[in-house]
Amino acid sequence: MPEITVADSDSDSGSEVRTGGCLCGKVRFTVTGPVDDPHICACTHCSTRSGAPFQWWVGFPMDGLKWTGTDPNWFDNHPGKTARGFCGTCGSHLAARDHGNDMAIGILATALDHHTTDPALAPTNLNRLAEAAPWLTATGCPGSAAASTADPSQ
Ligand SMILES: [Zn+2]
Ligand SMILES: [Zn+2]
Numbered sequence: 006m007p008e009i010t011v012a013d014s015d016s017d018s019g020s021e022v023r024t025g026g027c028l029c030g031k032v033r034f035t036v037t038g039p040v041d042d043p044h045i046c047a048c049t050h051c052s053t054r055s056g057a058p059f060q061w062w063v064g065f066p067m068d069g070l071k072w073t074g075t076d077p078n079w080f081d082n083h084p085g086k087t088a089r090g091f092c093g094t095c096g097s098h099l100a101a102r103d104h105g106n107d108m109a110i111g112i113l114a115t116a117l118d119h120h121t122t123d124p125a126l127a128p129t130n131l132n133r134l135a136e137a138a139p140w141l142t143a144t145g146c147p148g149s150a151a152a153s154t155a156d157p158s159q
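Following my numbering, the numbering of the sequence shown begins with 6 at its first residue and continues without gaps.
Spelled out as structure tokens, the structure:
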């Protein structure tokens with residue numbers, strides 16, 4: 006497979022290459038292939054580990070992932086089931102994988118170099134927003150109107 010740099014948007018989504026890494030730069034990676042299910046998640050694991058009200062996830066084919074530089078550290082957040090990858094030096098959150106699933110890798114969109122300008126990463130699904138801090142759904146978060154009408158306890 007030819008090494009293609011993504012630059013802007015050459016529209017062959019199957020062979021797009023994206024680069025990313027952690028804040029200190031020790032962990033770097035490339036992911037190749039189409040974006041799957043870009044979403045945010047406000048579950049307890051996402052918010053407690055990140056120190057933020059939610060995390061922004063994007064799926065990629067596992068066989069398109071290459072760690073360059075230092076490998077991430079992994080924390081089993083659901084022992085035996087799922088693990089979260091992070092930089093052992095700066096602590097940046099980078100990835101999630103299911104043990105036994107070698108088909109897909111979850112990448113935190115914020116770890117991708119061009120996440121602010123890549124339209125393919127825009128979340129299309131708001132996962133477990135009901136678990137988020139209540140002010141989040143009241144302050145213009147994407148989908149906040151739908152979230153507040155969907156939750157009868159609000
Ligand atoms: Zn780092
Ligand atoms: Zn989550």
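For every residue, glycine included, the Cβ atom is placed at its ideal position computed from N, Cα and C.
Proximity to residue i [Cα-Cα], best of the options
| i | options | result |
| --- | --- | --- |
| Gly105 | Gly85, Leu99, Glu21 and Asp118 | Gly85 |
| Phe59 | His44, Leu126 and Cys95 | His44 |
| Val22 | Leu28, Gly30, Cys29 and Phe34 | Phe34 |
| Pro124 | Cys27, Asp41 and Gly26 | Asp41 |
Sub-8 Å separation of residue i and residue j beta-carbons
| i | j | result |
| --- | --- | --- |
| Leu117 | Val32 | no |
| Trp62 | Gly96 | no |
Residue i: CB within 7 Å of a non-hydrogen atom of ligand 3
| i | result |
| --- | --- |
| His50 | In terms of ligand content, the structure shown lacks ligand 3 and carries ligand 1 and ligand 2 instead. |
Which of helix, strand or coil DSSP assigns to residue i
| i | result |
| --- | --- |
| Gly90 | strand |
| Cys51 | helix |
| Thr142 | helix |
| Ala109 | strand |
| Glu21 | coil |
| Thr75 | coil |
| Gly26 | strand |
| Asp118 | coil |
Neighbourhood of residue i by C-beta, 7 Å cutoff - its chain only, sequence neighbours within 5 removed
| i | result |
| --- | --- |
| Cys51 | Phe59 and Gln60 |
Chain-order list of residues whose beta-carbon lies under 6 Å from that of residue i (same chain, five-residue window excluded)
| i | result |
| --- | --- |
| Ala114 | Trp61, Val63, His120 and Leu126 |
| Phe138 | Here residue 138 is Ala; the residue named in the question, Phe, does not match the sequence. Result list for Ala138: Pro58, in chain order. |
Sequence-distant residues of its chain with Cβ nearer than 8 Å to residue i (five each side left out)
| i | result |
| --- | --- |
| Gly160 | What the structure shows of the chain is the stretch from 6 to 159, and residue 160 is not part of that stretch, so it cannot be assessed. |
Supposed close pair residue i, residue j - CB separation, criterion 8 Å
| i | j | result |
| --- | --- | --- |
| Thr87 | Asp103 | 5 Å |
| Ala109 | Pro66 | 7 Å |
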